[in-house]
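A quick write-up on the structure given underneath.
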Amino acid sequence: MEVKILSAKFDIENSHKLEVAKEHGAYATLEKLFAMEPADVIEEVKKSGLRGRGGAGFPAGVKWSFLPKDTGKPVYLAVNSDESEPATFKDRYILVRDPHMLIEGIIICCYAIGCHDTYIYIRGEYTSQVRILQQAIDEAYEAGYLGDTVAGRDFKLEVTVHRGAGAYVCGEETALLESIEGKKGQPRSKPPFPAVVGLYDCPTIINNVQSIASLPFIIDQGAEAYTAYGTEKSAGTHLFGISGHVEKPGMYELPLGLPVLDVLDKVAGGVWKGRKLKGVIPGGSSTPVLTAEEAKTATLDYESMAEHGTMFGSGGIVVLDDTVDIVALVKNLIDFYHHESCGQCTPCREGLGWMLKITKKILAGGGSSEDIDLLLELCDNIEMKTVCVLSAACTMPVRSYLNKFRHEFEAYVEKGASLQAAGIQG
Amino acid sequence: MSDRSQLIETGKPFKFDAERDAEFERLVKRYPTRESMILPALWLTQEQEGWVSAEAIAYIADRIGTYAAKVFEAATFYTMYHLKPMGQYHICVCRTLSCWLREKQNIIDFLAEEIGVRPGEISDDGRFSLEEVECLGHCGTAPVVQVNGEFHEEMNVEKMKTLLAGLE
Ligand SMILES: Cc1cc2nc3c(=O)[nH]c(=O)nc-3n(C[C@H](O)[C@H](O)[C@H](O)COP(=O)(O)O)c2cc1C
Ligand code: SF4
Ligand code: FES
């Protein structure tokens, strides 16, 4: 089931070094790129159906065409390498195993959108990763792939790495821009969208690392080679991160559209310790959970996930075995989002704190049935009433656990202990 | 949201050493506004000293040409900047979803027992500090621990013991 498009060079020794990467085709698309018109590059990316791999799945080529023309201001590209959503761990493979694929992608994107200054925003915890990335950038400068004349052409491009410092919210695109500007990471209200008013008040495109790294293949092989993988609305391949209760957790590149359970069994070795499947979180901690039953019909693409009332998200699949205490899991989730709230919206700052308090009370055996309803009501009152969707990234999954595993919350209310501990079969 | 205490004064003036000074000058040219240097300058400070003091905040503000309050705001918002000295070995254990499912709690309990530090604490001899952190982006090899920025994956109590024994 695995394919090697993005991960083609991942297993080659020293593939992060320019010399090795070049032997295996790095920067070979530039010849073709500079022979194309920028508008044709955008058209090709639109045709490829490439959707943003940061979680929202917005078509990349379409986003680029939102840039206003001839504003007289510079256009910026910000590459999102914040990768902080629990269960998401794919972009760092690109950073350390094929950083030149990312740099080549940046050149392609910048040529298409007329950008000469790129910032790569990388989370502060990625210490060795940032070193390898910076070395690759330095090598690219020395070899003339970056700088005043990219690959000998009359095209200037500067790439700067900007390190975050431990704030999940800075993965949100406008918080990311604030952070590059030297401020605390508080998201901006939209509109205006960053394509119009972005970094330093200039038109700005923000794309995920994997989105950008997908470009060299698309330009080199053409849009049709890309759409040969995946489904009609979910073209191409994706780096899936599988974690939790499976025998072989890890990062696997797969075409979109495969059945969830096939992937879990055949690629990730099945549920660990011979246990039964309780549920699957399809795309990072913010995506609503699928029960084992629902997972039977779900496939790994944007359409199927929407049909199943959840989201494709970031490709971070989490497997839950039948021993998981859902109430404790929900507490762990709310704790994370509450801790990471930037604090500027009351429903998020206070509401998530209130939800955490109630969940702790239920866990301690002091909750009531009304508390469970109150949690649901809070989800409704918080969601979509805030500046950014960090709060919804908490309430959407929490609502799914409350609805699909309500009996586990009820067990705490009635017996003061988890369903598992209370010995009731669920 | 971060909740940080006040800044600590060392009583000594702070300035970048020659290496950090050069790095500051290299980076400042890469941004159209000097305020973009706030985060990089805080990183340079922390690399040099291990933490960020009151004097360092004032120095950074002065060097950039901005208000100390802006530097302070960033230093308190971003949880990786330390506003006091940490242990010689700063241990971060991931506490979120995948690491939680893969029993990170065993490691926390072991560290409390073995070196007597709980999350947020520094050991009496100053050798260790412990922090529970959010997803470290290595969920496929959970649970994950970082010691002074270096990743250790697929951790368990046995491996944590060996790791501690290997530290000077
Ligand atoms: C709270 C929050 C955190 C996010 N974190 C990330 C992240 O770590 N990496 C990422 O690429 N996108 C993240 N996003 C999505 C970005 O806002 C944005 O949609 C994305 O970077 C756009 O790139 P794409 O179109 O290539 O996916 C986050 C969004 C929110 C609301
Ligand atoms: S929803 Fe939360 S994280 Fe987003 S802007 Fe509001 S307070 Fe900040
Ligand atoms: S949840 Fe621990 S590294 Fe991601």
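Line by line, the protein sequences give chains A and B.
In terms of this note's numbering, the first sequence is residues 17 to 442.
In terms of this note's numbering, the second sequence is residues -1 to 166.
Quick reminder that beta carbons are idealized off the backbone N, C-alpha and C, glycines included.
Here the structure is a predicted model, which is why all the values come from computation and not from measurement.
Practice task
Give me the Cβ distance between A/I110 and A/V225, rounded to the nearest whole Å; I'm assuming they're in contact under 8 Å.
Solution key: Within the first sequence, residue 110 of chain A is the residue found at index 94, counting from 1. Within the first sequence, residue 225 of chain A is the residue found at index 209, counting from 1. A/I110 to A/V225, Cβ: 5 Å. Contact.
Handout entry: heavy atom of ligand 2 below 7 Å from A/G359 C-beta
Key = One-based indexing of the first sequence puts residue 359 of chain A at position 343. Under cutoff, so the answer is yes.
Exercise for the section: Using a threshold of 8 Å, state whether the C-beta atoms of B/G114 and A/E141 are closer than that. Expected result: On the second sequence, residue 114 of chain B is found 116 positions in, with the first residue counted as 1. On the first sequence, residue 141 of chain A is found 125 positions in, with the first residue counted as 1. No, the pair does not count as a contact, with Cβ atoms beyond the cut-off.
Practice task
Flag B/L128 as yes when its Cβ comes closer than 7 Å to any non-hydrogen atom of ligand 3, and as no otherwise.
Solution key: Looking up residue 128 of chain B in the second sequence gives position 130. No; taking the cut-off as 7 Å, the Cβ of B/L128 has no heavy atom of ligand 3 nearer than that.
Handout entry: CA-to-CA distance, A/W370 to A/L390, given in whole angstroms
Key = Mapped onto the first sequence, residue 390 of chain A falls at position 374. Mapped onto the first sequence, residue 370 of chain A falls at position 354. Approximately 10 Å, taken between the alpha carbons.
Exercise for the section: Would you decide whether A/Q441 is buried or exposed? Buried here means 16 or more other CB atoms lie within 10 Å of its CB. Expected result: What you label residue 441 of chain A is simply residue 425 of the first sequence in a count that begins at 1. Bear in mind that the predicted position of A/Q441 carries a pLDDT of just 46, short of 50, making it too unreliable to give a figure here.
Handout entry: Opening and closing residue of the alpha helix (DSSP H) in which A/D387 lies
Key = Position 371 of the first sequence holds residue 387 of chain A. Start and end: 385 to 398.
Exercise for the section: Provide the residue(s) that pair with A/D133 in DSSP beta bridges, ordered along the chain. Expected result: On the first sequence, residue 133 of chain A is found 117 positions in, with the first residue counted as 1. DSSP, once it has assigned bridges, lists A/Y92, A/E174 as partnering A/D133.
Practice task
Give the DSSP bridge partners of B/A54, in chain order.
Solution key: Here the question's residue 54 of chain B lines up with position 56 in the second sequence. Answer is none; B/A54 lacks a bridge partner.
Handout entry: A/D27 - partner residues in DSSP beta bridges
Key = Stepping through the first sequence from its first residue, residue 27 of chain A is reached at position 11. Answer by DSSP bridge pairing: none, since A/D27 is not bridged.
Exercise for the section: Give the interface partners of B/Q144 over in chain A, defined as CB-CB distance under 9 Å, in chain order. Expected result: The residue you call residue 144 of chain B lines up with position 146 of the second sequence. Simply E141, T143.
Handout entry: Simplified DSSP state of A/H423, which is helix, strand or coil
Key = The residue labelled residue 423 of chain A in the question sits at position 407 within the first sequence. Three-state result, A/H423: helix.
Practice task
For the segment 61 to 136 of chain B, list the alpha helix (DSSP H) runs that are entirely contained and at least 4 residues long, ordered along the chain.
Solution key: 66 to 75, 95 to 99, 103 to 112
Problem - Within-8 Å CB hit, B/G138 to chain A - result: Counting from one through the second sequence, the residue named residue 138 of chain B turns up at place 140. Yes, contact with chain A.
Practice task
Helix, strand or coil for B/R2, going by three-state DSSP, please let me know.
Solution key: Taking the first residue of the second sequence as position 1, residue 2 of chain B is located at position 4. Legend: pLDDT at B/R2 = 45, less than 50; position of this residue unreliable, no value from coordinates given.
Practice task
State yes or no: is the beta carbon of A/A183 nearer than 8 Å to at least one beta carbon in chain B?
Solution key: As a first step, residue 183 of chain A is located in the first sequence; it is residue number 167 there, counting from the start. Closer than 8 Å: yes.
Exercise for the section: Could you check which residue in A/C404, A/C358, A/V262, A/D387 has the C-alpha nearest to that of A/A183? Expected result: Mapped onto the first sequence, residue 183 of chain A falls at position 167. Out of A/C404, A/C358, A/V262, A/D387, A/C358 has the C-alpha closest to the C-alpha of A/A183.
Exercise for the section: Examine chain B for any beta-carbon lying closer than 8 Å to the beta-carbon of A/P208, and answer yes or no. Expected result: Position 192 of the first sequence, counting from 1, holds the residue named residue 208 of chain A. With 8 Å as the cut-off, A/P208 does not count as an interface residue toward chain B.
Handout entry: Exposure of B/D1, with buried meaning 16 or more beta-carbon neighbours within 10 Å
Key = Here residue 1 of chain B corresponds to residue number 3 of the second sequence, with the count starting at 1. Residue placement at B/D1 cannot be trusted, given a pLDDT of 43 that sits under 50; what the coordinates show is reported in the next sentence. Burial call: exposed.
Exercise for the section: Spatial neighbours of B/L99 within its chain, please: CB distance less than 8 Å, with the 5 preceding and 5 following residues excluded, ordered by chain position. Expected result: Residue numbering aside, residue 99 of chain B sits at position 101 when the second sequence is read from its first letter. Excluding positions up to five away in sequence, the list reads A140.
Problem - Option nearest B/L40 by Cα separation, candidates B/T31, B/R28, B/R61 - result: Your numbering for residue 40 of chain B matches position 42 in the second sequence. Ranking the options by Cα distance to B/L40, first place goes to B/R61.
Problem - N- and C-terminal bounds of the beta strand (DSSP E) containing A/L270 - result: For the purposes of this step, residue 270 of chain A is identified with residue 254 of the first sequence, where counting begins at 1. Taken as a continuous stretch (DSSP letters only), the beta strand (DSSP E) holding A/L270 covers 266 to 271.
Handout entry: A/K200 Cβ short of 7 Å to ligand 1 heavy atom set
Key = Position 184 of the first sequence, counting from 1, holds the residue named residue 200 of chain A. No - ligand 1 has no heavy atom lying nearer than 7 Å to the Cβ of A/K200.
Handout entry: Distance between B/Y79 and B/V145 (C-alpha atoms, nearest Å)
Key = Within the second sequence, residue 145 of chain B is the residue found at index 147, counting from 1. Within the second sequence, residue 79 of chain B is the residue found at index 81, counting from 1. When rounded, the distance between both Cα atoms is 15 Å.
Exercise for the section: Select from the segment 84 to 109 of chain B all residues with a C-beta closer than 7 Å to any C-beta belonging to chain A, and list them in chain order. Expected result: T94, L95, S96, W98, L99
Exercise for the section: Using 10 angstroms around the beta-carbon of A/M17, count the other beta-carbons present and answer buried if the total reaches 16, otherwise exposed. Expected result: Counting from one through the first sequence, the residue named residue 17 of chain A turns up at place 1. So A/M17 ends up on the exposed side.
Exercise for the section: Leaving aside the five residues before and after A/G121 along the sequence, list all residues of the same chain whose C-beta is less than 6 Å from its C-beta, in chain order. Expected result: If you number the first sequence from 1, residue 121 of chain A lands on position 105. Same-chain partners within the cutoff: I228, A229, L231, P232.
Exercise for the section: Check the Cβ-Cβ distances between B/L42 and every residue of chain A, and say whether any is below 8 Å. Expected result: Position 44 of the second sequence, counted from the start, is the residue given in the question as residue 42 of chain B. Cβ-Cβ to chain A under 8 Å: no for B/L42.
Handout entry: Proximal residues to B/M(-1) (C-beta, below 8 Å), its chain only, five neighbours per side dropped
Key = Here residue -1 of chain B corresponds to residue number 1 of the second sequence, with the count starting at 1. A caution first: B/M(-1) carries a pLDDT of 39, below 50, which makes its placement in the model too unreliable to give a value.
Practice task
Report all residues from its chain with a CB closer than 6 Å to the CB of A/G187; omit the five preceding and five following residues, and keep chain order.
Solution key: Indexing the first sequence from 1 puts residue 187 of chain A at position 171. D98, S100, listed in sequence order.
Problem - For A/L277, three-class secondary structure by DSSP - result: Mapped onto the first sequence, residue 277 of chain A falls at position 261. Here A/L277 sits in helix by DSSP.
Problem - beta strand (DSSP E) segment containing A/G332, residue limits - result: On the first sequence, position 316 is the one that residue 332 of chain A refers to. Where A/G332 is concerned, the enclosing beta strand (DSSP E) stretches over 332 to 337.
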